[in-house]
Every structure is written in C-alpha cells, then in structure tokens.
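Top to bottom, those sequences are chains V and W.
The numbering of the first sequence is the working numbering, which starts it at 30 and goes up by one.
The numbering of the second sequence is the working numbering, which starts it at 24 and goes up by one.
Each residue gets a CB set at the ideal place from its N, CA and C atoms; glycine is no exception.
Only one structure is covered here, and it is reproduced in the block below.
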Amino acid sequence: MPLSLRLAWRNLWRHQRRTWLTVAAMALCNTLLIFMIGLQAGSYLTMLNNNLAVFSGHLQVQHRDYHDQPKPRFSVANGVALAARLRQLPEVSGAAARGMGFALLSSDKRSKAMQVIGVEAEYEASVSSIPGTLREGQYLSADTPNGVLLGQRSANHLKANIGSEITLLGSGRDGSFAASVLTVVGIVDSGMEEFDRNTVFIRLSDFQDIFSYGDEVSHIALLSASIFEVANTQAAIDGLIADRETLRSLDWDVLMPGLKQAIQSDIASALFIYTVLIIVVVFSVLNNQLMAVLERRKEYGILLSLGVAHRRLIGLLFTETALLALLGLLVGIALGGALNEYFAIVGVQFAGMEEMGEKFNLPARIHPITHPLTLLAGPIIVFIGSVFAALYPAIKLRHLNPVSARAGL
Amino acid sequence: MTNAVHCHQLCRKFHQGGQTIHGLDHVDFDVAAGEFICLTGPSGSGKTTLLNAIGGLDRPDSGDIAVGGVSLNTLDQGALADLRLAHIGFVFQSYNLIPVLSARENIEFILLMQGVDATERHRLADDMLREVGLEGLGSRRPSELSGGQQQRVAVARAIVSRPTLVLADEPTANLDSHTAEQLMALFAELNLRHGTTFIVASHDPRVQHFARRLIRMQDGKIIEDHPLAHD
Numbered sequence: 030m031p032l033s034l035r036l037a038w039r040n041l042w043r044h045q046r047r048t049w050l051t052v053a054a055m056a057l058c059n060t061l062l063i064f065m066i067g068l069q070a071g072s073y074l075t076m077l078n079n080n081l082a083v084f085s086g087h088l089q090v091q092h093r094d095y096h097d098q099p100k101p102r103f104s105v106a107n108g109v110a111l112a113a114r115l116r117q118l119p120e121v122s123g124a125a126a127r128g129m130g131f132a133l134l135s136s137d138k139r140s141k142a143m144q145v146i147g148v149e150a151e152y153e154a155s156v157s158s159i160p161g162t163l164r165e166g167q168y169l170s171a172d173t174p175n176g177v178l179l180g181q182r183s184a185n186h187l188k189a190n191i192g193s194e195i196t197l198l199g200s201g202r203d204g205s206f207a208a209s210v211l212t213v214v215g216i217v218d219s220g221m222e223e224f225d226r227n228t229v230f231i232r233l234s235d236f237q238d239i240f241s242y243g244d245e246v247s248h249i250a251l252l253s254a255s256i257f258e259v260a261n262t263q264a265a266i267d268g269l270i271a272d273r274e275t276l277r278s279l280d281w282d283v284l285m286p287g288l289k290q291a292i293q294s295d296i297a298s299a300l301f302i303y304t305v306l307i308i309v310v311v312f313s314v315l316n317n318q319l320m321a322v323l324e325r326r327k328e329y330g331i332l333l334s335l336g337v338a339h340r341r342l343i344g345l346l347f348t349e350t351a352l353l354a355l356l357g358l359l360v361g362i363a364l365g366g367a368l369n370e371y372f373a374i375v376g377v378q379f380a381g382m383e384e385m386g387e388k389f390n391l392p393a394r395i396h397p398i399t400h401p402l403t404l405l406a407g408p409i410i411v412f413i414g415s416v417f418a419a420l421y422p423a424i425k426l427r428h429l430n431p432v433s434a435r436a437g438l
Numbered sequence: 024m025t026n027a028v029h030c031h032q033l034c035r036k037f038h039q040g041g042q043t044i045h046g047l048d049h050v051d052f053d054v055a056a057g058e059f060i061c062l063t064g065p066s067g068s069g070k071t072t073l074l075n076a077i078g079g080l081d082r083p084d085s086g087d088i089a090v091g092g093v094s095l096n097t098l099d100q101g102a103l104a105d106l107r108l109a110h111i112g113f114v115f116q117s118y119n120l121i122p123v124l125s126a127r128e129n130i131e132f133i134l135l136m137q138g139v140d141a142t143e144r145h146r147l148a149d150d151m152l153r154e155v156g157l158e159g160l161g162s163r164r165p166s167e168l169s170g171g172q173q174q175r176v177a178v179a180r181a182i183v184s185r186p187t188l189v190l191a192d193e194p195t196a197n198l199d200s201h202t203a204e205q206l207m208a209l210f211a212e213l214n215l216r217h218g219t220t221f222i223v224a225s226h227d228p229r230v231q232h233f234a235r236r237l238i239r240m241q242d243g244k245i246i247e248d249h250p251l252a253h254d
C-alpha cells in the first residue's frame, strides 16, 4: 500500500471510537437510503405494473386526436387486423383491440350510465388482468354472443346476477341509435372500486355491431416485456404504423399522467427526507475531520516547517475522508443490501394504507427491489457529500500558519 | 562564494497587549556554507524569530534574507515550502513525529513529499537510521521510542533530503544531558562529513562545545558574534 494511503488509513484509527461512530452514522444513513429507495422503487414498480396491467397497458395505438378528444369518430380503421400485425412484433408481448363507448344499462330493477368496452376476448388477457379476476360465471368468448361482463360493484348496483338480462341504450358512432339486450355471463372484481362500478365488457364484435363501428376500434392496448422496455417497444410500433398518418402510439406516461405525477410527488417528498439524512451525516463527517485537523495542528506545523506544502496535507486529508466515506459506503451497502433482500422476501406491510393501496392498486405488502441503482444511488451521494464535508477542514488547514501551529495557537 | 545565509537589516515587530516588541531589530549577519553556529540569548531575545525568518516561515517587516543566494522576499508560500523541502532542515524542541507511522515511515514521508520513488525512499531512510544510530529500530512507532530516540528520528527526518542548511530550535531542551551530548555530536559529525550548515538556537551551554561560531542576541539585536575556539 502506498505510504500516503497507509498514513491516511492509520490516521483514521487514531481515535477508533470517533471513527467508528462516524462510520456507523454513514452506514446507518446508507442502509436507510438503500432500504427506502429500494422500497420506493418496489412500490412504484408494483403500482405501475398493477395499474397498467389492469387495463391501459404500457402503450396504446390510437387515432392521433383520440387522446385529446375521445370521440367515436376518432377511431382506428381495421383495428383487429392491425392488432394482429402488432402481435407479430418481437418487442410486443400482448396486443388487443378495444372499442370504447358509453350507454345506459338497465336491469329489471335499476339503471346506470356506464362505460362499455368491447374486447377481443381471446387476446384481452394478454394486456389486461381483468379476465383473471373473474368471480362468477365465465369470461367472454365466441360462445357468449351478446354476453356482458359486469364488475362486482356494478352487478350489485344493478342487482344483476349471472343470466340476468341487461338492456343497453346509447348512440352509435354514426349518431344512430345503439340498443341491445345483453346477458350477464360473468362478474369480475378488479380490486379498483371505481373501475368495477362504472365499467362493463362485451365482445368487440358485439360492440362494433351495437355501436355501428364496422371494422373500426377505439384503440389497441399493448404490453411490452417490461416497463423498462417500453421505449424500445414504442419505437418498433411507430415503425409499423408509420404508413398510417392518422395513428400514433402513446406510452403509459401520456395515457396515465396521474400515475407519473403521483410517483414524482412521492419522490419529491422522499428527497426532502433523504437530503436531511445526508446533511446530518455530512455534518458528522465534517465534525470528525475538523477535530482531526485541530488536534494535529502541531504535527501539521512541523510538517509545514519541513517544507510539506499545504496542498499535500490537504490531499492527505481528502484521502483520509474518502477512506472514511468508503468504509461507511461498504458497510452501508452490505447492511442495506441484506435488509432489502430480507424484506424482498417477506414484504413490508403498512398499517392504515388501505385507501391509498386501493387508489393505486397496491397490494397489502410492498416488496423492495434490489438493483444497482437502488443499492448505489444513496451511498454514492453520501460518499460525495462526505468528501465534500472535508472542504471546511481543508480551508482551515490551508490557512494554517506553521509558526503558530507549531506553538499550538 | 555565495553565503549559506545572508541577512540584511532584518526587522520584525510584534504587537502584544498594546506594546510593540522588537523580535528582530536591524539584524545583519552572514553565514558561510559549512558553518556551525550557536545562536544564544535569553528567552524573547529573537532567536526563534530569526530562525523562522531564515526558514521562510515568517516574513520580516523589512530587510532582506537570502538562503543559498535565493532572496526569500521574492518567493511565494509555495516556493518557500519547496525551498524548505529541498534545502532547509528544521529540528525543533518538540519532535511531533507522526504517531501512526514507524520511525522509518516518518523519515520516508518527507522523501515521499519530494517525489522520491519507494525503493530509493527505503534505502535513504535505512541509511539515515543507521547514521543517527537507530539501526534496527526503524519499525518502531514514536510511542515505542525514548525522547532521545524520537529526537534522533526528527533529526533524521530533517536531514534525510540532505539539506544544505539545518535550523535547530532548542533541540536539546527535552533531552537529558547524555542524550543532548549525543545529539550535538551527531550534528557536529553531519556538519563535518557533509558540510551541512547548522544554526542551532539554544540556551544550552553544551551546544557551544560543538559550535564554531557564537551569536548572542538580546532584544532582537545581535550583541555578540565571534568564532569559538575549541581545544
């Protein structure tokens, strides 16, 4: 080991207790940062996956004006055929065409205005978790002509059961009268109260007949292999639809801006806590290194008198601080990583968060994730902050006069 | 021939408790290369102030100082540090060795600062330990050495880079008489063998036995300056 590094390392242990206390503060801060960032990332990922997988998908192909003005006339021509072509893309893990309309639905007891969604029954499960939340009856299929799937809450509201008849009244894409009598074939429970209360599903072919859509659809929902692959998938989709100027692809960020805003807002409040935590640790390091400089005044005075330049001593101080911070970083990463791995298995349960959980479709337990970014982001900032903390002691050292320092003044 | 040290009309005042103290009061003297000078005088006479000025640690209010022909007045702090590192060795009353380094490492540290490579550093440090009589004790830390041994390490540290000038400020003050004599004998030997110029500020009369020139100071002035004859 080079002499200067050896000196810096040994200097650290001149006051073992003080050094360990500072390392412990840094390690604790790093552990907390790793765990909290991992937990945050885990909750965001769960939130995104759960929300996007319920209905919207990672991406949608729409008429270029549909997102801003969701009118029936802004539809996708030959939607089913296009969805089939999109499914052939290797970047796309699922694609299904949908029709979206509004209608008054009435049972023999009650009525309610609801959103009616026409789905490609055989492909809907590849982009949505709704088919998997069937509680009663069966999912839509070729064997359920004029069948309707109700949410648990809408079924309760309409006082409808499997086999009940539901009358649908609305207006078609061309302004004509849209009407049909549907039979309840299944009841789903997505876990999202609002969604279950206000949405019903029918087969896309039925939808196109009832609402006079012909071969048009409202959008095509798509999933990529993971949320991290969305940009690549979108590029591939854009390539495929490049020849259709009326179409465009939209990612989840555009489709569900509230989700991103919720994440950004949570990150902003968490950053405040992280900053406070880091500042406390930086001050602890500053105190440690300032004490070191003040204690070694005579020693520094002699070295300066012997011709060791201030910059050399400052270099040693920064080396020493970097070693101290590195120790805190390594211990923190080891502890934080272990803590993350443990809770990644058992999960973390937050009491009193049920409402928030339902709003963002979060499960009862959140599992932190371990990723190089969640492991290193916090500790690296603490490391940089800690080294930066040596700046003030370095300034004191820079202004140290060898004569007065030797005299202990 | 260039003087090792040239001082001309050095003045340095200090202000303390509303009083002006003359640390140096129009000091004039030259030191030839290879001289061994004992700088003596009562406390507060200006010995340490003069050594600090010669070593470029403190700037005089007026007057000129040149070390090895280089005027210190023209050098900035960095250049003064470089000059000290390359040409001037300091030995102080308090050794203040780096406690976490061994005796050898304390000596090597100065060489490291000079950019000497590791192999050469080891060799020079071992040579120096042998020269100051600490052969075999290089791996000991300062806390494992006696006061005299620590002072020898401090001397070795000060002269390892073979400075042309060594400034010693009360180097024997913390040593017993036997160790003090050994240290001064070492200085004398280094002076003779390497031609190193020594200026030793001390109250200790034993220092005069080894010096060949005596300068006595009082109230910041040189009041006596003459060669010392030894039998």
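To the nearest angstrom, report how far apart residue 139 of chain W and residue 310 of chain V are at their CA atoms.
Within the second sequence, the letter at position 116 stands for residue 139 of chain W. Within the first sequence, the letter at position 281 stands for residue 310 of chain V. Cα-Cα distance, rounded: 38 Å.
Starting from the N-terminal side, write out each stretch of the alpha helix (DSSP H) that is 4 residues or longer and does not extend beyond the stretch 197 to 230 of chain V.
222 to 227
Name, please, each residue of chain W whose Cβ falls closer than 8 Å to the Cβ of residue 120 of chain V.
On the first sequence, residue 120 of chain V is found 91 positions in, with the first residue counted as 1. Going along chain W, no residue has its Cβ under 8 Å from residue 120 of chain V, so there is no contact; the nearest lies around 56 Å.
Applying the criterion that 16 or more other CB atoms from any shown protein chain within 10 Å of the CB defines a buried residue, is residue 121 of chain W buried or exposed?
Along the second sequence, read from residue 1 onward, the residue named residue 121 of chain W stands at position 98. The residue in question, residue 121 of chain W, is buried, as its Cβ has 16 or more Cβ neighbours within 10 Å.
Chain V partners of residue 180 of chain W, CB-CB under 8 Å?
Looking up residue 180 of chain W in the second sequence gives position 157. Per Cβ cutoff of 8 Å: 335.
Name the DSSP bridge partner or partners of residue 45 of chain W?
Within the second sequence, residue 45 of chain W is the residue found at index 22, counting from 1. Beta-bridge partners of residue 45 of chain W (DSSP): W:36.
Below 7 Å between beta carbons is the criterion; list the residues of the stretch 129 to 141 of chain W that meet it against any residue of chain V, in chain order.
131, 132, 133, 135 and 136
Is residue 371 of chain V buried or exposed, if buried means 16 or more other CB atoms sit within 10 Å of its CB?
Locating residue 371 of chain V in the first sequence gives position 342, where the first residue counts as 1. Residue 371 of chain V is exposed by the Cβ-count criterion.
Quick check: residue 247 of chain V and residue 104 of chain V, are their CB atoms within less than 9 Å of each other?
Here residue 247 of chain V is taken as the residue at index 218 of the first sequence, counted from 1. Here residue 104 of chain V is taken as the residue at index 75 of the first sequence, counted from 1. Yes, the pair counts as a contact, with Cβ atoms nearer than the cut-off.
Work out the CA separation of residue 75 of chain W and residue 197 of chain W for me, nearest whole Å.
In the second sequence, the residue the question calls residue 197 of chain W occupies position 174. In the second sequence, the residue the question calls residue 75 of chain W occupies position 52. C-alpha separation (whole angstroms): 20 Å.
So, with DSSP's three-state summary, where would you put residue 246 of chain W?
By 1-based counting over the second sequence, the position of residue 246 of chain W is 223. Strand, per DSSP.
Could you give the distance in angstroms between the alpha-carbon of residue 307 of chain V and the alpha-carbon of residue 118 of chain V?
Mapped onto the first sequence, residue 307 of chain V falls at position 278. Mapped onto the first sequence, residue 118 of chain V falls at position 89. Rounded to whole angstroms, residue 307 of chain V to residue 118 of chain V spans 46 Å at the Cα level.
Which class does residue 123 of chain W belong to by DSSP, given the choice of helix, strand or coil?
For this step, residue 123 of chain W is matched to residue 100 along the second sequence. Reduced to three states, the DSSP call for residue 123 of chain W is coil.
How far does the alpha helix (DSSP H) with residue 285 of chain V in it extend, from its first residue to its last?
On the first sequence, position 256 is the one that residue 285 of chain V refers to. No residue range can be given for residue 285 of chain V, since it is assigned to no alpha helix (DSSP H) and is classified by DSSP as neither H nor E.
For residue 398 of chain V and residue 80 of chain V, what's the separation of their Cα atoms in angstroms?
Walking along the first sequence from the start, residue 398 of chain V turns up at place 369. Walking along the first sequence from the start, residue 80 of chain V turns up at place 51. Their Cα atoms are separated by approximately 18 Å.
Quick one: grab the DSSP three-state call for residue 45 of chain V.
Residue mapping note: residue 45 of chain V aligns to position 16 of the first sequence, counting from 1. Note: residue 45 of chain V maps to helix in three-state DSSP.
Do we get a CB-CB distance below 9 Å when we pair residue 331 of chain V with the residues of chain W?
Residue mapping note: residue 331 of chain V aligns to position 302 of the first sequence, counting from 1. Taking Cβ atoms only, chain W reaches closer than 9 Å to residue 331 of chain V, which makes this a yes.
Comparing alpha-carbon positions, which option in W:188, W:118 and W:178 lies nearest residue 166 of chain W?
Here the question's residue 166 of chain W lines up with position 143 in the second sequence. Nearest option by C-alpha distance: W:118.
Rounded C-beta distance between residue 88 of chain W and residue 30 of chain W? I'm assuming under 8 Å.
Here residue 88 of chain W refers to the residue found at position 65 when the second sequence is read from its first residue. Here residue 30 of chain W refers to the residue found at position 7 when the second sequence is read from its first residue. About 5 Å separates the two Cβ atoms, so the contact holds.
Check whether the stretch 336 to 351 of chain V touches the stretch 34 to 43 of chain V, counting contact only when three or more Cβ pairs, one atom from each stretch, lie closer than 8 Å.
The stretch 336 to 351 of chain V is in contact with the stretch 34 to 43 of chain V.
9 Å is my cut-off, CB to CB: does residue 289 of chain V come that close to chain W?
In the first sequence, the residue the question calls residue 289 of chain V occupies position 260. False, the Cβ-Cβ gap to chain W never drops below 9 Å.
Label residue 305 of chain V either buried or exposed according to how many other C-beta atoms from any shown protein chain fall within 10 Å of its C-beta, with 16 as the threshold for buried.
The count along the first sequence starts at 1 and reaches residue 305 of chain V at position 276. By the 10 Å Cβ count, residue 305 of chain V comes out exposed.
Distance cutoff 9 Å, beta carbons only. Does residue 66 of chain W sit that close to anything in chain V?
By 1-based counting over the second sequence, the position of residue 66 of chain W is 43. Chain V places no beta carbon closer than 9 Å to that of residue 66 of chain W, leaving this residue out of the contacts.
Provide the residue span of the beta strand (DSSP E) that contains residue 136 of chain V, from first to last.
Within the first sequence, residue 136 of chain V is the residue found at index 107, counting from 1. Neither: residue 136 of chain V is in no beta strand (DSSP E) and is coded neither H nor E.
Taking 9 Å as the CB-CB cut-off, is residue 83 of chain W touching chain V?
What you label residue 83 of chain W is simply residue 60 of the second sequence in a count that begins at 1. By this cut-off, residue 83 of chain W is not an interface position.
Name the chain W residues that come within less than 7 Å of residue 32 of chain V, Cβ to Cβ?
Indexing the first sequence from 1 puts residue 32 of chain V at position 3. Per Cβ cutoff of 7 Å: 128, 131, 132 and 135.
Just to make sure I have the definition right: I need the residues of chain V whose C-beta is within less than 7 Å of the C-beta of residue 101 of chain W. Which are they?
Residue numbering aside, residue 101 of chain W sits at position 78 when the second sequence is read from its first letter. Ordered by position in chain V, the residues that pass the 7 Å Cβ test against residue 101 of chain W are 338.
Compare the C-beta of residue 394 of chain V against all C-beta atoms of chain B and say whether one is closer than 9 Å.
Given the protein chain composition of this structure (V and W), no chain B is represented.
Does DSSP put residue 174 of chain W in a helix, a strand or coil?
Here residue 174 of chain W is taken as the residue at index 151 of the second sequence, counted from 1. Residue 174 of chain W falls in the helix class under three-state DSSP.
For the stretch 110 to 124 of chain W, which residues have a CB atom closer than 9 Å to at least one CB atom of chain V, in sequence order?
110, 111, 112, 113, 115, 117, 118, 119, 120, 121, 122, 123 and 124
Is there a Cβ of chain W sitting closer than 9 Å to that of residue 327 of chain V, yes or no?
One-based indexing of the first sequence puts residue 327 of chain V at position 298. For residue 327 of chain V, the nearest beta carbon of chain W is closer than 9 Å to its own beta carbon.
Determine which residues share a DSSP beta bridge with residue 127 of chain V and list them.
Position 98 of the first sequence, counted from the start, is the residue given in the question as residue 127 of chain V. The partner list for residue 127 of chain V (beta bridge, DSSP) reads V:148 and V:248.
Whose Cβ in chain W lies nearer than 8 Å to the Cβ of residue 36 of chain V?
Numbered from 1 along the first sequence, position 7 holds the residue referred to as residue 36 of chain V. What residue 36 of chain V touches in chain W: 121, 123, 124, 128 and 132.
With DSSP run on the structure shown, which of helix, strand or coil describes residue 256 of chain V?
Locating residue 256 of chain V in the first sequence gives position 227, counting from the first residue. The answer is helix: DSSP assigns residue 256 of chain V an H, G or I state.
Counting only beta-carbon atoms, is residue 311 of chain V nearer than 9 Å to chain W?
Within the first sequence, the letter at position 282 stands for residue 311 of chain V. So, not an interface residue.
Could you tell me whether the stretch 65 to 82 of chain V touches the stretch 226 to 238 of chain V, using the rule of 3 or more Cβ pairs below 8 Å?
no
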